[in-house]
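**Q** The structure that follows is given in the form of structure tokens.
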Amino acid sequence: MTAHALPTALPSPLILHEDPVSGNCYKIRLTAALLDIPIERRFYDITKGETRTGRFLAEVDANGRIPVLQAGERFLPESNAACFYLADGSDLFPSGRFERAAMLRWMFFEQYQHEPNIATMRYWLHVLGEAKLSDEQRGLMPMKRSGGEAALALMHRHLAHRDWFVGDACSLADIALFAYTHVAHEGGFSLDEYHAVRGWIRRMRALPRFAAM
423 MTAHALPTAL
433 PSPLILHEDP
443 VSGNCYKIRL
453 TAALLDIPIE
463 RRFYDITKGE
473 TRTGRFLAEV
483 DANGRIPVLQ
493 AGERFLPESN
503 AACFYLADGS
513 DLFPSGRFER
523 AAMLRWMFFE
533 QYQHEPNIAT
543 MRYWLHVLGE
553 AKLSDEQRGL
563 MPMKRSGGEA
573 ALALMHRHLA
583 HRDWFVGDAC
593 SLADIALFAY
603 THVAHEGGFS
613 LDEYHAVRGW
623 IRRMRALPRF
633 AAM
């Protein structure tokens, strides 16, 4: 995959305000790596409330969340929006009008049906640890697990006869879904039954300039 020249020059510096354990932050790093876009990194520990300080709220994101992509003097929260910003005009955007809309469809699916279940379970079990969960979180685990399995099953069916989520090449749809799918086991999800998903993960890892989490 060769990156197209972007319509306008990206501002400098490009700084990613992130926690390295976050898959949402990883999406942006992977997009930048695949497009060979240099990006600086600023680290925050979300388990210690470092995105809730007065300085972060005033200077980076008033919503107190990461990732935030800083483009010059402007700040862009939301992982998929930041990926869209970096990739606009590149080969990570399908050429057809319908295909571009389909790419967004899968990115919306990732944020509404995939991430709230698989990423949440990963955060609870892998980052926080089960011993630290509240009774409310424990009570929500069966629903989160069921939702995550449904998302993985849908992905598996979609990939059964195709290599990529949209068109004939990797797009932002694949990047958005790869981030938390390839570490789904850290949230207690097995991919053993989803051979189409496992094959897609292998294709993602084989991309030129692929960057591991």
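Sequential numbering of the sequence shown, starting at 423, is according to this note's numbering. Glycine included, each C-beta is placed from N, C-alpha and C at the ideal position. All of these numbers come straight from a predicted model, not from anything done at the bench.
Using the Cα positions of Arg519 and Gly570, report the straight-line distance between them to the nearest angstrom.
**A** Start at 1 with the first residue of the sequence shown, and residue 519 comes out as number 97. Start at 1 with the first residue of the sequence shown, and residue 570 comes out as number 148. Spanning the two alpha carbons is a distance of roughly 30 Å.
**Q** In the DSSP assignment, find the beta strand (DSSP E) that holds Phe465 and state where it starts and stops.
**A** Position 43 of the sequence shown, counted from the first residue, corresponds to residue 465. Taken as a continuous stretch (DSSP letters only), the beta strand (DSSP E) holding Phe465 covers 462-465.
**Q** Give me the Cα-Cα distance between Lys554 and Glu608, rounded to the nearest whole angstrom.
**A** Counted from its first residue, the sequence shown places residue 554 at position 132. Counted from its first residue, the sequence shown places residue 608 at position 186. Near 16 Å, if we compare the C-alpha coordinates of Glu608 and Lys554.
**Q** With distance defined between alpha-carbon atoms, name the residue in Leu574, Asp590, Met626, Phe497 nearest to Pro433.
**A** Position 11 of the sequence shown holds residue 433. Checking every option, the nearest Cα to that of Pro433 belongs to Phe497.
**Q** Runs of 4 residues minimum, wholly inside the segment 511-597: which ones carry the alpha helix (DSSP H) assignment?
**A** With a minimum length of 4 residues, the continuous alpha helix (DSSP H) runs that stay inside the segment 511-597 are 519-531, 557-581.
**Q** Taking 8 Å as the cut-off, decide whether the C-beta atoms of Ala455 and Arg627 are in contact.
**A** To locate residue 455, count along the sequence shown from 1; it is residue 33. To locate residue 627, count along the sequence shown from 1; it is residue 205. The answer is no: Cβ separation not under 8 Å.
**Q** Measure the alpha-carbon distance for Ala591 versus Ala504 and round it to whole angstroms.
**A** As a working mapping, residue 591 is identified with position 169 in the sequence shown. As a working mapping, residue 504 is identified with position 82 in the sequence shown. About 20 Å.
**Q** Just curious, the beta strand (DSSP E) that Ile437 is in, first and last residue?
**A** For the purposes of this step, residue 437 is identified with residue 15 of the sequence shown, where counting begins at 1. Per DSSP, Ile437 belongs to the beta strand (DSSP E) from 436-440.
**Q** For His439, is the classification buried or exposed, using 16 other Cβ atoms within 10 angstroms of its Cβ as the cut-off for buried?
**A** Taking the first residue of the sequence shown as position 1, residue 439 is located at position 17. Buried: at least 16 other Cβ atoms inside 10 Å.
**Q** Tell me the rounded alpha-carbon separation between Leu594 and Gln535.
**A** To locate residue 594, count along the sequence shown from 1; it is residue 172. To locate residue 535, count along the sequence shown from 1; it is residue 113. Leu594 and Gln535: Cα-Cα distance of roughly 17 Å.
**Q** State yes or no: is the C-beta of Ala618 within less than 8 Å of the C-beta of Ala582?
**A** As a working mapping, residue 618 is identified with position 196 in the sequence shown. As a working mapping, residue 582 is identified with position 160 in the sequence shown. Yes; because the gap between Cβ atoms is below 8 Å, this pair is in contact.
**Q** Is DSSP giving Phe611 helix, strand or coil here?
**A** What you label residue 611 is simply residue 189 of the sequence shown in a count that begins at 1. If DSSP states are grouped into helix, strand and coil, Phe611 belongs with coil.
**Q** At what residues does the alpha helix (DSSP H) containing Arg620 begin and finish?
**A** As a first step, residue 620 is located in the sequence shown; it is residue number 198 there, counting from the start. Residues 617-627.
**Q** Tell me Pro499's beta-bridge partners as DSSP assigns them.
**A** By one-based count along the sequence shown, residue 499 stands at place 77. DSSP, once it has assigned bridges, lists Val490 as partnering Pro499.
**Q** From the DSSP output, in three-state form, read off Arg631 for me.
**A** Translated into positions along the sequence shown, residue 631 becomes position 209. Correct three-state label for Arg631: coil.
**Q** By DSSP, does Arg451 sit in helix, in strand, or in coil?
**A** In the sequence shown, residue 451 corresponds to position 29, counting from 1. Arg451 falls in the helix class under three-state DSSP.
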